[in-house]
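Sequences listed follow chains G and P, in order.
With the numbering used here applied, the first sequence covers 10 to 483.
With the numbering used here applied, the second sequence covers 10 to 483.
Every residue gets a Cβ at the ideal spot worked out from N, C-alpha and C, and that includes glycine.
Below you'll find the structure, written out as structure tokens, and then a few comments.
Number of protein chains: 2
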Amino acid sequence: MPGLEIELGVLERRAREAGLQLVLLFEGFDTAGKGTLINRLIHAMDPRGFEVHSLRRLTRPERERPFLWPFAVRIPPRGRIGIFDRGWYRRVLEERVHRKVSRKRWSRAYDMINAFERQLTDDGALLVKFFLHIGKKEQARRMKALDENPATTWRVKKADWREHRHYERHLKAVDEVLARTSAPQAPWTVVAAHDHRHARVVLFRTLIEVLKRRLSEGSGTVAVHGRDKPEERGGEKHRSRLDETDLTLGLEREEYGRRLEESQQRIYELQHRLFRKGVSTALVYQGWDAAGKGGNIRRLTASLDPRGYRVVPVGAPNEVEKAHHYLWRFWRALPRAGQMTVFDRSWYERVLTERVEGFAPEPVWRRAYREIREFESHLADHETVLLKFWIHIDRDEQLRRFRERERTPHKRWKITEEDWRNREKWEAYREAVEEMIRRTDQPEAPWHVVPGNSKLYARIFVLETVVAAMEKRA
Amino acid sequence: MPGLEIELGVLERRAREAGLQLVLLFEGFDTAGKGTLINRLIHAMDPRGFEVHSLRRLTRPERERPFLWPFAVRIPPRGRIGIFDRGWYRRVLEERVHRKVSRKRWSRAYDMINAFERQLTDDGALLVKFFLHIGKKEQARRMKALDENPATTWRVKKADWREHRHYERHLKAVDEVLARTSAPQAPWTVVAAHDHRHARVVLFRTLIEVLKRRLSEGSGTVAVHGRDKPEERGGEKHRSRLDETDLTLGLEREEYGRRLEESQQRIYELQHRLFRKGVSTALVYQGWDAAGKGGNIRRLTASLDPRGYRVVPVGAPNEVEKAHHYLWRFWRALPRAGQMTVFDRSWYERVLTERVEGFAPEPVWRRAYREIREFESHLADHETVLLKFWIHIDRDEQLRRFRERERTPHKRWKITEEDWRNREKWEAYREAVEEMIRRTDQPEAPWHVVPGNSKLYARIFVLETVVAAMEKRA
């Protein structure tokens, strides 16, 4: 062991210097010795480099979000190690065995778990999963030993013996998990945990091996991987959702006032009803510069109770955010049960600004379409109301608004050099928008192209669309 | 109102550009209209600039930390606005009225609240506190109205009517709060909330006034304030805690082995006992470069359950941390009930490295002594076991260890140019260490100077000190 410990310590330091993001997951039968093993492991490592997450009992805010949320927000940044003592398999292990979720939901969870793991490894993370196995008899023996020691007797509860009696059911779920979630980039290592020393050696050897392999591949630095480019749908002519949009649509000020008031009253009531039902809402606003997103959001939220919604403005990521998967900050912003989050720009920036401006290389933004669909499927699975709006205006209208902003003293700050530069790239953005809508428009996460030349029309359009969607769930 | 809204919008933008950290607190009687008022306010502001925190019901992780924790970790960074719908007065309002805490504890809370607010404003934050007042009759009228509306009737519960009957008790607590927590830098604005329109105007006018004043003071940029320099104790000769330390102390390897094993066994048991009692532990490690902090921590934690402790290594703050009060990141790292956090370096870096290297201006690090005492008093109030260790070695021993590190291949990474540079500043650091110990050694947060020339001795010293302290609380 001492040799293995030194070797792992050296590799761990090299991994850190290389900016490697290392995710270690430990699952296993109760009393298999996860705690002891993890402790042994972290003592071979620099305490500056890792964090241990023990997520046996979830807190209320954690339970109120999609089932992968508590884990997604805790994935370590590049250059660090996250050690998960039990992880994102809860739904297909405990919850399944205890019949806390329907078969349909835990079956679906496999796809979501696999997608989650692939996203991590595509982004360059090294994911290593251990399952600590002991037999039923050995478990009984260990539980008795714990029970008989006065210092640990409190750890063995009646419920634990009940679990023990259901050992076979657990075993069946475990077998399925191992079969369905072993992917080349996220393999399981099953550790025979009857013998502590043996388990330790297997753990250290496995880690040393995967670290060595990865570090030799990357020759020191870890690149962001660009695999899994989704299939192009070939060269067929696509319909243009933007061209189909009738920009001449408008509204009389009087009718606007009436419908605005009605919808605002209604959305206030719906906010309360969905709050009580625990149904969350996520709204995504994207649109051309000067399309009127800000004013639109303001009308939407004017009557809402501020304790129940939050507007999340999305700008360039900060240094902490940059060290994570780009979806990380959006995971963090997801609403609690019954709450609403309004994204003023969103995860779609990757396939818009980052694509057009070249901030993300092509394989990365191409990969993002699928990542986004998968991300949104977590919201759908959690029964979140999810609506996406592209506020559309034409180029002439944009020019008119830019000029108007320049003329109005208290609006002048809104218009910058960058806006003029972006305007020059109208066609490139247009192409990106069309592809984005085509590839991420799904029944449970639909895109609405909002005719925006008339601000009044656009506001009512969004408000009434949101009201209708909330209505269905109230 | 429209004029006030535009004016506030303009000021808010200027404040953001100036990097102003704005903290708005709303307290008030139930049904006084905080929600409506806050919503009106945020609609005059750029959604990119603020966050609303509604902290009526605390989550379990929030309740398991010092009472100011949920608020301290949510204070906005510079350039942003935090709006608190109910805030850190919970203990002297609800908890006091409902007799959930002893008189002694809520009385002490006043000092802690005042210190907390002073720390924020010393750091450059602009803090504005509103209390929304309505009379008992008006409250009854509004509760009835809510109750009679089918959409809102669920909001009025039996408990609310009970609160209403205790209006006078609440009023008494409020009066005391207003009297005891109005400071020049953190004044209360009492808003007569019987009339919504009046309340709105008062709110907007007050905010416009304070923002104008602050922005004109700072002529655009907001400086970090350097007030409240604590009193020097004059020129008297201080005893030197470092000189008093007997560095010749050592331990035979055999005795070391025996005592190590005993303490490790004991600390493992104590960890479980304190976990069950919900008693948290915070350990601070500071010391000279190469004093052996890392190895010492490893021996301390070797036998612990990794699910119950966390080692927090403290390096230079990242960009997000820099935009907050320097204690913010330590607030965030405080342990939950029954957990242990080991700080490998800590908040003391401000009065050590930052002082000696000139990263913090003198008024700032001077102020830090008091800030640290106050911060640690939160831990004491929360009945956290808090111990602070300075691992002391002499200059010769440091030289020996530096040279040894250079000779040993797998330790060479530990020694850098910077270590040699720091070594040149030994005397300046020494002075800083002595002053730090003198000014922050308190009964509930004692400093232990650990004789560190013998690593074995130092490890046993720390372990046995920690065991003894935990023992008292087990």
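Report the neighbours of residue i on chain P: residues whose CB is nearer than 7 Å to its CB, in chain order.
i: Ser63(G); result: Arg316
i: Val19(G); result: His419
i: Glu328(G); result: Asn327 and Glu328
i: Ala478(G); result: Result: empty, since nearest Cβ-Cβ is about 19 Å, beyond 7 Å.
i: Arg307(G); result: His52
i: Ala160(G); result: Glu278 and His281
Considering only their Cβ atoms, is the gap separating residue j from residue i smaller than 8 Å?
i: Arg282(P); j: Ala483(P); result: yes
i: Leu187(P); j: Phe139(P); result: no
i: Gln148(G); j: His175(G); result: no
i: Lys423(P); j: Gly304(P); result: no
i: Leu77(P); j: Phe125(P); result: yes
i: Asp162(G); j: Asp156(G); result: Sequence check: residue 162(G) is Thr here, not Asp. Their beta carbons are under 8 Å apart, which means Thr162(G) touches Asp156(G) by this criterion.
i: Val459(G); j: Phe398(G); result: yes
i: Leu396(G); j: Thr310(G); result: no
i: Glu73(P); j: Arg345(P); result: yes
i: Arg89(P); j: His62(P); result: no
i: Asp353(G); j: Ile400(G); result: no
i: Ile402(P); j: Thr449(P); result: no
i: Glu16(P); j: Met54(P); result: no
i: Leu361(P); j: Ala441(P); result: yes
i: Arg223(G); j: Leu135(G); result: yes
i: Arg308(G); j: Arg468(G); result: yes
i: Pro86(P); j: Glu60(P); result: no
i: Thr290(P); j: Val394(P); result: yes
i: Trp118(P); j: Val101(P); result: With the sequence shown as reference, residue 118(P) is identified as Ala, and Trp is not the correct amino acid for it. Their beta carbons are under 8 Å apart, which means Ala118(P) touches Val101(P) by this criterion.
i: Ala202(P); j: Ala41(P); result: yes
Residue i touches chain G at which residues, Cβ-Cβ below 8 Å?
i: Thr68(P); result: Thr68, Arg69 and Pro70
i: Asn365(P); result: One point to set straight first is that residue 365(P) is Val, not Asn, in the sequence displayed. Correct list: empty, because the minimum Cβ distance to chain G is about 22 Å.
i: Arg285(P); result: Trp163
i: Arg319(P); result: Glu60 and Val61
i: Ala311(P); result: Asn48 and His52
i: Arg22(P); result: Trp422
Tell me, please, which residues DSSP counts as bridged to residue i.
i: Ile92(G); result: Leu33(G) and Val61(G)
i: Tyr318(P); result: Met349(P)
i: Phe140(P); result: Glu36(P) and Val199(P)
i: Trp456(P); result: Lys397(P)
i: Thr257(G); result: Paired residue(s): none; Thr257(G) is not in a bridge.
i: Thr362(P); result: According to DSSP, which records beta bridges pairwise, Thr362(P) is partnered with nothing at all.
i: Gln451(P); result: Ala454(P)
i: Tyr294(G); result: Asp353(G) and Phe398(G)
i: Ala192(P); result: Ala195(P)
i: Leu17(P); result: DSSP, once it has assigned bridges, lists no residue as partnering Leu17(P).
i: Leu77(P); result: None, per the DSSP bridge assignment.
i: Leu135(P); result: Leu31(P)
Which residues of chain G have a Cβ atom closer than 9 Å to the Cβ of residue i, listed in chain order?
i: Val165(P); result: Within chain G, no residue comes near Val165(P); the closest Cβ sits about 13 Å away, beyond 9 Å.
i: Gly298(P); result: The displayed chain sequence assigns Asp, not Gly, to residue 298(P). Those within 9 Å of Asp298(P) in chain G number zero; the least Cβ separation is about 15 Å.
i: Ala208(P); result: Those do not exist, as Ala208(P) stays about 15 Å from chain G at its closest Cβ, beyond 9 Å.
Our contact map puts residue i next to residue j with C-beta atoms below 8 Å; I'd like the distance itself, whole angstroms only.
i: Ile446(P); j: Arg250(P); result: 5 Å
i: Glu363(P); j: Trp374(P); result: 6 Å
i: Ala24(G); j: Leu313(G); result: Ala24(G) to Leu313(G), Cβ: 46 Å. No contact.
i: Asn462(P); j: Glu406(P); result: 5 Å
Which residues in chain G sit within 7 Å of residue i, going by Cβ to Cβ distance?
i: Pro322(P); result: Pro56 and Arg57
Using a cut-off of 8 Å between C-beta atoms, extract the partners of residue i located in chain P.
i: Ile15(G); result: His419
Determine which residues of the segment 331-343 of chain G have a Cβ less than 8 Å from any Cβ of chain P, and write them out in chain order.
-> Here the close residues number zero.
Compile a chain-ordered list of the residues in the segment 28-53 of chain G whose CB is closer than 7 Å to at least one CB of chain P.
-> Residues are counted here when their Cβ sits less than 7 Å from a Cβ of chain P; for the segment 28-53 of chain G these are Gly44, Ile47, Asn48, Ile51 and His52, given in chain order.
Which residues, in order along the segment 135-158 of chain P, keep a beta-carbon less than 8 Å from a beta-carbon of chain G?
-> Residues passing the 8 Å Cβ filter: none.
Members of the segment 449-461 of chain G near chain P, C-beta cut-off 7 Å = Residues: none.
Residues, ordered as in the chain, of the segment 82-96 of chain P that lie near chain G by beta-carbon distance below 7 Å | Those residues of the segment 82-96 of chain P that come within reach of chain G (Cβ to Cβ, closer than 7 Å) are Asp94.
Contact set between the segment 410-444 of chain G and chain P, restricted to residues whose Cβ is under 7 Å from the partner = Answer in chain order: His419 and Trp422.
Positions along the segment 262-294 of chain P whose CB lies within less than 9 Å of some CB in chain G = Listed by position, the residues of the segment 262-294 of chain P near chain G (Cβ gap below 9 Å) are Tyr277, Glu278, His281, Arg282 and Arg285.
What residues from the segment 181-203 of chain P come within 9 Å of chain G, judged by C-beta to C-beta, listed N to C?
-> None of the residues of the segment 181-203 of chain P has a beta carbon lying less than 9 Å from any beta carbon of chain G.
Can you give me, in chain order, the residues of the segment 344-373 of chain P that have a beta carbon less than 7 Å from any beta carbon in chain G?
-> Within the segment 344-373 of chain P, the residues whose Cβ lies closer than 7 Å to some Cβ of chain G are Asp353, listed in chain order.
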